[in-house]
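Following numbering that gives the first Met the number 0, the residues of the sequence shown are numbered contiguously, the last one being 697.
All C-beta atoms in this analysis are idealised placements derived from N, C-alpha and C, irrespective of residue type, glycine included.
Bear in mind that the values here come from a model prediction, so they are computed numbers and not experimental data.
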Amino acid sequence: MITLETRIEDVPKINKRIVPALKRLGIRTIRDLLFHFPARYDNFSNVKPISDVVAGETVTVEGVIKKISTGRTAHKRMALTEAIIEDETGRIKALWFNQPFLERNLKPDTAVRLSGKASLGTSGLFLSGPAHERIGVGNGIHTGGLVPVYPETAGISSRWLRFLVSSFLPLAAKLSDPLPQDMRKNHKLPELHKALRDIHFPDTREETTAARKRFMFEELLLVQLHALKERSRLKQHSAPEIRTHIEAMKGFVGSLPFALTDAQRKAIWEILTDIAKPNPMNRLLEGDVGSGKTVVAAAAAYMTSLAGYQTAVMAPTEILARQHFETFQKVLNAFNLSIGLLTSSEKHASSRPFDIVIGTHALIQKNVLFPKLALIVVDEQHRFGVEQRAALTAKHTVHNKEPAGNKNSKSMIPHFLSMTATPIPRTLALTIYGDLDLSLLDEMPKSRKKIITQIVKPGDRHEAYAFMKKQITAGGQAFVVCPKIDQDANQPQSRIGQQQLIQQEVKAVTQEYEKLSREIFPDLRIAMLHGKLKPKEKKEIMERFQNQELDILVSTSVIEVGVDVPNANIMVIEGAERFGLAQLHQFRGRVGRGELQSYCILFPTQDGMVTRRLRAMARAKNGFELAEYDLQIRGPGSMFGTAQWGISEISAEALRDVKFIQTVRNEAIALAKQDPTLAQHQPLRARLEHLETAAHLE
Numbered sequence: 000m001i002t003l004e005t006r007i008e009d010v011p012k013i014n015k016r017i018v019p020a021l022k023r024l025g026i027r028t029i030r031d032l033l034f035h036f037p038a039r040y041d042n043f044s045n046v047k048p049i050s051d052v053v054a055g056e057t058v059t060v061e062g063v064i065k066k067i068s069t070g071r072t073a074h075k076r077m078a079l080t081e082a083i084i085e086d087e088t089g090r091i092k093a094l095w096f097n098q099p100f101l102e103r104n105l106k107p108d109t110a111v112r113l114s115g116k117a118s119l120g121t122s123g124l125f126l127s128g129p130a131h132e133r134i135g136v137g138n139g140i141h142t143g144g145l146v147p148v149y150p151e152t153a154g155i156s157s158r159w160l161r162f163l164v165s166s167f168l169p170l171a172a173k174l175s176d177p178l179p180q181d182m183r184k185n186h187k188l189p190e191l192h193k194a195l196r197d198i199h200f201p202d203t204r205e206e207t208t209a210a211r212k213r214f215m216f217e218e219l220l221l222v223q224l225h226a227l228k229e230r231s232r233l234k235q236h237s238a239p240e241i242r243t244h245i246e247a248m249k250g251f252v253g254s255l256p257f258a259l260t261d262a263q264r265k266a267i268w269e270i271l272t273d274i275a276k277p278n279p280m281n282r283l284l285e286g287d288v289g290s291g292k293t294v295v296a297a298a299a300a301y302m303t304s305l306a307g308y309q310t311a312v313m314a315p316t317e318i319l320a321r322q323h324f325e326t327f328q329k330v331l332n333a334f335n336l337s338i339g340l341l342t343s344s345e346k347h348a349s350s351r352p353f354d355i356v357i358g359t360h361a362l363i364q365k366n367v368l369f370p371k372l373a374l375i376v377v378d379e380q381h382r383f384g385v386e387q388r389a390a391l392t393a394k395h396t397v398h399n400k401e402p403a404g405n406k407n408s409k410s411m412i413p414h415f416l417s418m419t420a421t422p423i424p425r426t427l428a429l430t431i432y433g434d435l436d437l438s439l440l441d442e443m444p445k446s447r448k449k450i451i452t453q454i455v456k457p458g459d460r461h462e463a464y465a466f467m468k469k470q471i472t473a474g475g476q477a478f479v480v481c482p483k484i485d486q487d488a489n490q491p492q493s494r495i496g497q498q499q500l501i502q503q504e505v506k507a508v509t510q511e512y513e514k515l516s517r518e519i520f521p522d523l524r525i526a527m528l529h530g531k532l533k534p535k536e537k538k539e540i541m542e543r544f545q546n547q548e549l550d551i552l553v554s555t556s557v558i559e560v561g562v563d564v565p566n567a568n569i570m571v572i573e574g575a576e577r578f579g580l581a582q583l584h585q586f587r588g589r590v591g592r593g594e595l596q597s598y599c600i601l602f603p604t605q606d607g608m609v610t611r612r613l614r615a616m617a618r619a620k621n622g623f624e625l626a627e628y629d630l631q632i633r634g635p636g637s638m639f640g641t642a643q644w645g646i647s648e649i650s651a652e653a654l655r656d657v658k659f660i661q662t663v664r665n666e667a668i669a670l671a672k673q674d675p676t677l678a679q680h681q682p683l684r685a686r687l688e689h690l691e692t693a694a695h696l697e
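Below you can see the structure in the form of structure tokens.
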């Protein structure tokens, strides 16, 4: 007996040879098949007699096949199937390439329906590659009306998926609807079985719109409920209460060689208020490049050390870890704190307990222990996996004073602060990071000048190089960033091994270095930085650049985060159209850190490569504004890989609509208050548990 949970390999109707292809699409059970939604619809609702067909229109005709034959094209020798279809008003030809089997399936005198675009050839009108169905056979799912087109893969066509979905769609009647009836009624959402029917085989556009809204609502509700569940789960733990010493904090602020912005002061106060509580903090500090996140984290680490506890700061790269180490040492120099650095090549932190330990994933090695860990700071946390963050959280031995077995005893875990310079649109922050409290550094230090960004077309390069030379002669320095991958556009990146990627990036950087040092700037001091250099070599090159012993540093995206060279005032980005907006913004943030006016020069590969993304980059005033541009241009799925959060492409569309997100969030909050464990909403609870298992939300 076939059920919704039947594995696809156990379904007699499904050929075993296509099982791997279905699994590539994420289809492992019949349930998965029914929830594999169309990406779009072909509109074949324009049904006409053959005599009324006009060239250029998409049309559906019905008639009888008078003759059909298959030959070969003259040039590429492709199979070409031709058929003549006739109704009572006239005749029209249909052409199909590389489908010789159609001659066996569509015999003369067969009544058919064809849907496709009409074109005018030397011998009259014809339909090019039309969808086809035999009239009276099947259920009319391939032609006429709105026909679903699905995400496909090699070996699996939309036609085959339509056949499979239509075969098993009746099983949807057995599904329990996870959305409460009153919620569906209040928001005019169709029931589950109707929504599934309407999203696959709609009669009208209105039906597809209503069905898509329903599934958007359901998925985002589940994500919000998970976030609320995480908040509630954290309340079951205790954390060290780190009391705020007001006078000590005044001393810290007064010792800084610069004035804090109001946004920094607010963020520090929010964090200190959180870590003073007996429950673990779970906060995201979002700030534009150069907005001063590290100083905010240092303030929290300082308070933590005064309370007798440790702080661990985890960064995604060795360069960024070392940068944080230097910044923490600088801003906490007056307070006699011990600060250690732990990376694959630095072992400063392994010999004795430090107040603050800064490092990469080396922090989660088995032999690294934190006797009194109370605060974890993770920078660019989206670069770490859930398991890495969990492993770091587990590396502590701070215990609750309540005796074991005491009913009031709670397990104690450290406070958690995430930091990111990746601009996050408001809707994404509300959804993806819904379990975190949010602090925004939306104000730049007054000393920072706006970086002037220019798109320079290939024909104007000589002027740009002259400008660079003038700036460097006046005392400035320049970064030149090359695209990480210099590959055949037809070769999927997934097929390229890590070593091959490194080879390609080395080649790109080396070619640029040789061009600049030999042809463009032979009299300037130029070095290059890439993935094949040893950590010690990278460190030496960066130190030379920071000490102004180099004029130009040619690099891959390794300098995206963590490099602080106040004297560098020019950022040149080669092949700029190959980078995403967030990455371009990170590059730009590497300059503008000193007193010199700074510039970002975008070099597209060709004249035609001045994309919407590059124009947005030149136009945006800050990262928050840029994030909204990026959301409109690429969509949230491409920006943040929303599938890992349990959000499908269909629901990712809703992340452009802050009002819709807030509506769903309010429903989730009300439901969580009314029924915290969802005991009265078992179908919804089951869906939430399935989401958490499938998407590894933990």
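Please state if the CB of residue 581 and the CB of residue 227 are separated by a distance shorter than 8 Å. no
Please classify residue 45 as buried or exposed, where buried requires at least 16 neighbouring CB atoms within 10 angstroms. exposed
What ranges does the beta strand (DSSP E) occupy inside the segment 570-634, keeping only unbroken runs of at least 3 residues that lie completely in it? 598-602
Between the beta-carbon of residue 477 and the beta-carbon of residue 551, is there less than 8 Å? yes
Residue 96: buried (16+ other C-beta within 10 angstroms of its C-beta) or exposed? exposed
C-alpha gap between residue 675 and residue 215, whole angstroms: 22 Å
Same chain, Cβ closer than 7 Å to residue 445, neighbours up to 5 away in sequence not counted: none
Please classify residue 430 as buried or exposed, where buried requires at least 16 other C-beta atoms within 10 Å of its C-beta. buried
In three-state DSSP terms, what is residue 205? helix
Which residues does DSSP pair with residue 127 in a beta bridge? 94
Exposed or buried, which one is residue 1 when buried takes at least 16 other CB atoms within 10 Å? exposed
Using only alpha-carbon positions, find the residue among 203, 539, 119 that is nearest to residue 127. 119
By DSSP, does residue 104 sit in helix, in strand, or in coil? helix
Candidates 363, 508, 535, 534, of which the one nearest residue 526 by Cα: 508
Using 8 Å as the Cβ pair cut-off and three pairs as the minimum, do the segment 590-599 and the segment 563-576 touch? yes
Every unbroken alpha helix (DSSP H) within the segment 223-277, with a cutoff of 4 residues, ordered by chain: 245-254, 261-274
For the putative contact between residue 303 and residue 320, defined by C-beta atoms under 8 Å, what is the C-beta separation to the nearest angstrom? In fact, because the Cβ distance is near 19 Å, the residues do not count as touching under 8 Å.
So residue 438 packs on residue 296, CB below 8 Å; how close in whole Å? About 11 Å; that fails the 8 Å criterion.
Could you check where the alpha helix (DSSP H) with residue 468 kicks off and where it finishes? 460-472
What is the residue span of the alpha helix (DSSP H) that residue 665 lies within? 657-673
Does the Cβ of residue 55 lie closer than 7 Å to at least one heavy atom of the ligand NAD? With respect to the ligand NAD, the structure offers nothing, as it holds no ligand at all.
When burial is assigned at 16 or more other CB atoms within 10 Å of the CB, is residue 594 buried or exposed? exposed
Reference residue 213, options 650, 690, 121, 21, closest by Cα: 650
Looking at the structure shown, is residue 36 part of a helix, part of a strand, or coil, going by DSSP? coil
Beta carbon of residue 575, beta carbon of residue 602: below 8 Å? yes
When we look at the beta-carbon of residue 257 and count the other beta-carbons within 10 Å, is it buried (16 or more) or exposed? exposed
Decide yes or no for the touch test of the segment 136-151 against the segment 48-55: beta carbon pairs closer than 8 Å, at least 3 of them. no
Extent of the continuous alpha helix (DSSP H) run through residue 535: 534-545
Do residue 344 and residue 325 come within 8 Å of each other at the CB atom, strictly closer than that value? no
Status (buried if at least 16 other CB within 10 Å, exposed otherwise) for residue 660: buried
Need the endpoints of the alpha helix (DSSP H) that residue 192 sits in, please. 191-199
Would you be able to state if there are at least three C-beta pairs under 8 Å between the segment 681-691 and the segment 222-242? yes
Residue 140 vs residue 156 beta-carbon contact at 8 Å: no
Out of 442, 451, 470, which one is the CA nearest neighbour of residue 623? 442
Rounded to whole angstroms, what's the CA-CA distance from residue 584 to residue 379? Just pull it up for me. 14 Å
Around the C-beta of residue 747, are 16 or more other C-beta atoms found within 10 angstroms, so that it is buried, or is it exposed? Nothing about residue 747 can be read from this structure; the chain reaches only from 0 to 697.
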